Amino acid sequence: MRPADLERITVAQAADRYVELVRARTLTGALSPATAEVYARDVATLVELAGAGTVLDDLTGADVDAILVAFARKPDGRRAGASDGPGQSASSQARFRRSISALFKHATLAGWVQLNPMTRSTVTARQRGGLRPERRALTREQAQGLVGAARELPQAPPEPGKRRDQRTELRDAVIVLLLATVGPRVSELVRANVEDFFTNDGVRYWRIFGKGGRTRDVPLPGDVAQVLQAYLERGRPRVADKALLLSWRGRRLARGDVQAVIDRVQRRVPPDQRRSVTPHGLRHTTATHLLADAVDMDAVRRVLGHSDLSTLGRYRDELPGELEVAMRTHPLLREPPAPQE
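Taking the UniProt record's numbering, the leading residue of the sequence shown gets 1, the next gets one more, and so forth.
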């Protein structure tokens with residue numbers, strides 16, 4: 001339904017009026033101040049991407065598509081070194097879309113646009129995510145740099161000003177090594193308890209409690225098991241809490257703490273091997289490199305805790321030069337083994 005009188009205002013004018021309305025709703029309790037500020041921030045980003053002087057009614061569905069893609073490509077300014085880091089997360093992209101959808105819905109009712117351009121948007125979430133400037137998985141060199149830095153942590157000198165009971169090097173090494181070699185979900189990692197790790201026939205296992213109440217027993221690489229044992233013996237605070245990962249005060253770590261640990265270990269990686277990565281990016285790293293090394297797909301599925309092989313496709317990134325390597329070592333062109341006498 002078209003408004004009787006169309007008011008041709010600019011994107012900046014519409015944003016100012018809409019944000020004022022949103023903030024007024026906090027006075028009645030309809031919105032929390034924090035939510036209102038999220039709307040205000042997203043609307044300010046819309047003004048930046050669409051152009052402050054652009055007439056709001058001139059925006060088309062194609063313009064909205066371009067704005068959504070441009071937002072997906074924007075570096076995440078919440079993290080250090082974000083100017084050259086990955087673009088927005090899927091959740092941030094979905095939030096931004098909801099914010100500008102709400103603005104255009106109000107604009108339609110207020111008579112600022114004839115037709116809501118969001119209804120003509122055709123770009124999908126997969127397309128927006130696929131246009132991120134950086135891959136999720138670390139390359140082999142980047143992953144080896146991070147793993148190498150984690151393995152050196154137990155021998156690292158103490159940080160100045162830290163008491164012995166405040167040292168977390170062993171715990172940080174366990175976190176990075178488990179994420180990079182086993183690829184658990186971050187929720188699975190922070191929920192882990194000491195009793196979830198057991199030994200069978202000399203092999204250390206982690207019983208992971210995953211989605212849907214499913215459990216999986218994953219063997220740990222020998223080096224990772226050694227660091228884990230060292231942490232349990234002399235790095236973990238002696239408290240009654242059964243959590244595996246504790247702060248130096250003896251409290252179970254939260255999901256956000258894990259990212260801080262990764263970032264701290266990354267600062268020890270040589271600059272030419274360093275690239276920011278999330279816990280979920282390390283899950284992608286595990287899947288990518290296990291599959292690239294011709295590990296059985298079903299084994300990788302069981303390590304990651306998926307019920308269906310088809311899901312692995314989402315967790316595998318393309319590696320530079322992997323097709324050339326695969327064809328160079330083609331199984332049908334290898335020399336047959338010499339017969340034994």
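Just so it is clear, CB atoms sit at the ideal spot from N, CA and C, and this is done for glycine as well.
Quick caveat: nothing in here was measured; it's all calculated off a predicted structure.
Task: 3 or more residues per run - each beta strand (DSSP E) lying fully within the region 177–204 - done: 197–200
Open item on the list: At the level of alpha carbons, what is the spacing between Ala-156 and Leu-170?
Closed with: 10 Å
Open item on the list: Based on DSSP bridge pairs, tell me the residues matched to Asp-217.
Closed with: Arg-207
Task: Ala-243 versus Tyr-205 - alpha carbon distance - done: 16 Å
Task: Minimum C-alpha distance to Asp-172 - residue among Arg-207, Ile-208, Ser-247, Val-194 - done: Ser-247
Task: Closest residue to Leu-245 among Val-277, Val-176, Ser-99 (Cα-Cα distance) - done: Val-176
Task: Same chain, Cβ closer than 6 Å to Ala-192, five either side skipped, listed in chain order - done: Leu-244
Task: Coarse secondary structure for Val-55, derived from DSSP in three states - done: strand
Open item on the list: Excluding the 5 residues flanking Ala-143 on each side, which residues of the same chain have their C-beta closer than 7 Å to its C-beta?
Closed with: Ala-180, Thr-285, His-289
Task: Thr-10 in three-state terms, based on DSSP - done: strand
Open item on the list: On the criterion of 16 or more Cβ atoms from any shown chain inside 10 Å, does Ala-338 qualify as buried, or is it exposed?
Closed with: exposed
Open item on the list: Which of the three DSSP states is assigned to Arg-25 in this structure?
Closed with: coil
Task: Candidates Pro-33, Ala-34, Tyr-231, Ala-40, of which the one nearest Ala-14 by Cα - done: Ala-40
Task: In DSSP terms, what Leu-246 is bridged to - done: Arg-252
Open item on the list: Under 8 Å, with one C-beta from each stretch per pair, do the region 207–215 and the region 231–238 reach the 3-pair mark?
Closed with: no
Open item on the list: Does the distance between the C-beta of Pro-219 and the nearest non-hydrogen atom of the ligand MG fall short of 6 Å?
Closed with: In terms of ligand content, the structure shown is empty, and the ligand MG therefore cannot be addressed.
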